[in-house]
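Asks: Read in order, the letters of the sequence shown correspond to residues 268 to 342 in the numbering used here. Where a beta carbon is used, it is the ideal one built from N, C-alpha and C, also for glycine. Encoded as structure tokens, here's the structure I'll be asking about.
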Amino acid sequence: MKKINIFLSSSMTGELDKERGAVKGIFSKGSNLSTLFELQHIEKNASPKKIKDKYLELIGDCEIFLLIIDDELRV
Numbered sequence: 268m269k270k271i272n273i274f275l276s277s278s279m280t281g282e283l284d285k286e287r288g289a290v291k292g293i294f295s296k297g298s299n300l301s302t303l304f305e306l307q308h309i310e311k312n313a314s315p316k317k318i319k320d321k322y323l324e325l326i327g328d329c330e331i332f333l334l335i336i337d338d339e340l341r342v
């Protein structure tokens, strides 16, 4: 069975590290969800490509886009 790809996105400036870690833990190897889902995030996919190009590639390959936002958005 093909796993469903999920792309995790959020601010990368540190304020959402706890939330990102919690999501990564839920989908980590050994969890029940890891048999059905493959979590993709930019830290997992080091690449010589420009970050924008790599993001777009990863998003294009995923069936689910999971965005974590804070209660205040920066402009």
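Quick check: the Cα distance between residue 320 and residue 331, rounded to an integer number of angstroms?
Replies: The straight-line gap from Cα to Cα measures roughly 18 Å.
Asks: At what residues does the beta strand (DSSP E) containing residue 305 begin and finish?
Replies: Where residue 305 is concerned, the enclosing beta strand (DSSP E) stretches over 304 to 307.
Asks: Closest to residue 271 by CA distance: which of 283, 326, 339 is it?
Replies: Ranking the options by Cα distance to residue 271, first place goes to 326.
Asks: Using CA coordinates, which residue listed in 308, 334, 298 is at the minimum distance from residue 322?
Replies: Comparing Cα positions, the closest option is 308.
Asks: Secondary structure at residue 278, three-state DSSP: helix, strand or coil?
Replies: If DSSP states are grouped into helix, strand and coil, residue 278 belongs with coil.
Asks: Between the beta-carbon of residue 273 and the beta-carbon of residue 304, is there less than 8 Å?
Replies: It is a contact, given that the beta carbons lie within the stated cut-off.
Asks: Going by DSSP in three states, residue 283 sits in which element: helix, strand or coil?
Replies: Three-state result, residue 283: coil.
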